[in-house]
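Q: Heads up, the sequence shown stops at 342 in UniProt numbering, and the numbers go up one at a time, no gaps.
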Amino acid sequence: MSDAPRILVCEDERHLLDDICAELNEAGYLTIPAVDGQEALARMQDLRPDLILCDIAMPRLDGRGLLSQLRETRRDLDDVPFLFLTAFGDRSDVIDGKLRGADDYIVKPVDYEVLLATIAAQLRQVRRVNSARDEAERLNRTRKALSEAESGAWQALDRLAQGIVLLDRQAQVLHANAAATAFCQEGSGLRLCSHLHAEVDPPHLRQTLQAALARNPSQAPVAPVPLERPDRAQGPILLLSSLGRQVGSDAPALMVLIVDPGRRVAPEPALLREALRLTPTEARIASLLAGGLRSDAIAETLGISPATVASHLKSIFAKTETHRQTDLVALLLSLSAIPSPK
């Protein structure tokens with residue numbers, strides 16, 4: 001079992017294929033070798049790559065043909081970066097490849113430092129997009145729940161780990177839960193008063209909130225708004241969701257979910273114990289794993305051996321029906337907004 005990203009390498013020159021796979025393996029990636037487009041398609045029937053590195057000129061099915069087939073028949077791979085590996089480095093060739101749907105070009109002879117940097121950048125971009133999409137889906141679920149909620153919603157919101165602010169139709173703050181209040185301190189990039197106030201470029205946030213309030217929620221229910229911090233460090237991302245044109249001036253019209261990219265909220269062990277039927281030790285290990293600790297650090301924190309941690313992790317994977325650590329952590333973090341049982 002490995003968390004390493006899987007790179008499909010499609011190259012008909014055997015020695016170059018072996019060299020590329022060796023470099024990628026040494027850099028910590030798992031490689032899926034293929035000598036042409038037909039073999040690559042066959043390999044992807046059973047394995048989903050995280051990135052595809054493909055030569056253009058190959059027998060049977062070349063790189064352009066493989067890219068066309070994937071874009072037409074494998075929509076489940078639309079978010080997988082496709083990099084052309086080619087000796088054709090002319091500007092017209094690069095433009096043609098990108099118009100066909102390629103994400104980037106690696107020119108032969110291969111500069112492995114450039115190759116590794118390009119792959120890392122592409123995978124980072126995928127993670128950012130997937131993270132924003134997951135947050136948007138979570139916000140949509142919260143918005144639907146709020147539309148059916150009554151007066152008890154304020155207390156429920158205050159127990160959530162995610163910072164949430166509700167605004168009326170004049171963009172005035174109706175309610176900010178405890179997590180939002182705790183986040184909006186000086187230097188965070190966002191302040192709470194009668195309105196939400198951005199510490200950098202306040203007019204831009206005001207205009208964005210007004211535009212979101214005027215927008216039809218059925219057309220664009222979620223709008224991400226990145227903010228800057230005064231120290232220029234990575235600031236929060238606001239996810240805006242219209243709650244519709246509800247009756248009454250004090251009715252919530254816009255929900256703002258505050259995402260702090262630098263903070264990972266781990267669910268409490270008590271919640272994991274009940275939600276996933278884990279033992280107390282398994283729940284503590286799962287919570288620490290979701291908080292970003294590695295297995296050796298978990299062992300040190302709990303005063304147990306790494307072998308014991310590995311044994312408990314095996315049981316956690318079985319109970320959660322996950323097979324990769326990234327999938328397990330994603331499941332655990334999806335529970336972070338749920339209040340822990342008392």
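For glycine and all other residues, C-beta sits at the position ideal for the given N, C-alpha and C.
With distances taken Cα to Cα, identify the nearest neighbour of ALA189 among GLN172, LEU238, PRO280.
A: Per the sequence presented here, residue 189 reads as Gly, with Ala not at that position. Closest by alpha carbon: LEU238.
Q: Would a C-beta distance cut-off of 8 Å place PRO267 and ARG273 closer than the cut-off?
A: No. Outside cutoff.
Q: Ignore the nearest five residues each way along the sequence and tell me which others in VAL35's own chain have a CB closer than 8 Å to its CB.
A: Cβ within range, chain order: CYS10, GLU11, ASP12, ARG14, LEU17, MET58.
Q: Helix or strand or just coil, what does DSSP make of SER305?
A: Coil.
Q: Would you report the Cα separation of residue 372 and SER242, rounded to the nearest angstrom?
A: The first residue shown for the chain is 1 and the last is 342, placing residue 372 beyond what the model contains.
Q: What is the residue span of the beta strand (DSSP E) that HIS323 lies within?
A: Note, HIS323: premise wrong, no beta strand (DSSP E); not H, not E.
Q: How many whole angstroms separate the CB atoms of THR322 and LEU313, which I take to be in contact at a CB cut-off of 8 Å?
A: THR322 to LEU313, Cβ: 10 Å. No contact.
Q: What's the gap between the Cα of LEU335 and the Cα of PRO224?
A: Near 22 Å, if we compare the C-alpha coordinates of PRO224 and LEU335.
Q: Please classify LEU47: does DSSP put it in a helix, a strand, or coil?
A: In the structure shown, LEU47 sits in coil (DSSP, three-state: anything other than H, G, I, E or B).
Q: Cα separation between MET255 and GLY163?
A: Each residue's alpha carbon lies about 10 Å from the other.
Q: Return the bridge partner residues of PHE84 from the DSSP annotation.
A: Per DSSP, CYS54, TYR105.
Q: On the DSSP letters alone, give me the boundaries of the beta strand (DSSP E) that SER194 sits inside.
A: No beta strand (DSSP E) holds SER194; DSSP gives it neither H nor E.
Q: Going by DSSP, name the residue or residues bridged to VAL35.
A: Partner(s): none; VAL35 has no beta bridge.
Q: Report back the beta-carbon spacing between ILE56 and LEU83 to the nearest angstrom; my notes put them in contact at under 8 Å.
A: About 11 Å separates the two Cβ atoms, so there is no contact after all.
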